[in-house]
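Trainee: Numbering (the working numbering), first residue to last: 515 to 593.
A single structure is presented below for examination.
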Amino acid sequence: MSLEDDLLAEIRKWTRRLDEALAGASSSGEKGERLLENIRAYRRDSEHFLGRGDLVRSYECLIWAWAILETGRELGFLR
């Protein structure tokens, strides 16, 4: 497996996990809603970059989305 194949597999895996997490996520107020908007924007950006063949940026967007999700949960803005 090439590095590109490995990265594409990771993108698919984390996209699936993020989508599952977002399906069950809810906000606890306005700040949480803004966080969810940003997470969804990064998710869309990841898809955009994937479509252009830019695997690194696609993966980077997923990592940012996941980081915002986890931080929002830790701070109590997301459930």
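No residue lacks a Cβ here, since even glycine has one placed at the ideal position from N, Cα and C.
Only a predicted model underlies this, so the values are computations on that prediction, with no experimental measurement involved.
Could you check which residue in E584, D519, R593 and Y556 has the C-alpha nearest to that of T529?
Mentor: In this structure, Y556 is the residue among E584, D519, R593 and Y556 with its C-alpha nearest to the C-alpha of T529.
Trainee: Given that a residue counts as buried once 16 or more other Cβ atoms are within 10 Å of its Cβ, and exposed if not, what is Y540?
Mentor: What sits at residue 540 in the sequence shown is Ser, not Tyr. Counting Cβ neighbours within 10 Å, S540 comes out exposed, since fewer than 16 surround it.
Trainee: The alpha helix (DSSP H) spanning R555 covers which residue range?
Mentor: This sequence places Ala at residue 555; Arg is not what is there. Note, A555: alpha helix (DSSP H), E544 to G565.
Trainee: At the level of alpha carbons, what is the spacing between W580 and S516?
Mentor: 25 Å
Trainee: Just to confirm the assignment, what range does the alpha helix (DSSP H) spanning L592 have?
Mentor: Neither: L592 is in no alpha helix (DSSP H) and is coded neither H nor E.
Trainee: Which residue's Cα is closest to the Cα of N552: L536, G567 and L569?
Mentor: Of the residues L536, G567 and L569, the one whose Cα lies closest to the Cα of N552 is L536.
Trainee: Helix, strand or coil: how does DSSP classify S572 here?
Mentor: helix
Trainee: Considering A535, what are the terminal residues of the alpha helix (DSSP H) in which it resides?
Mentor: L517 to A537
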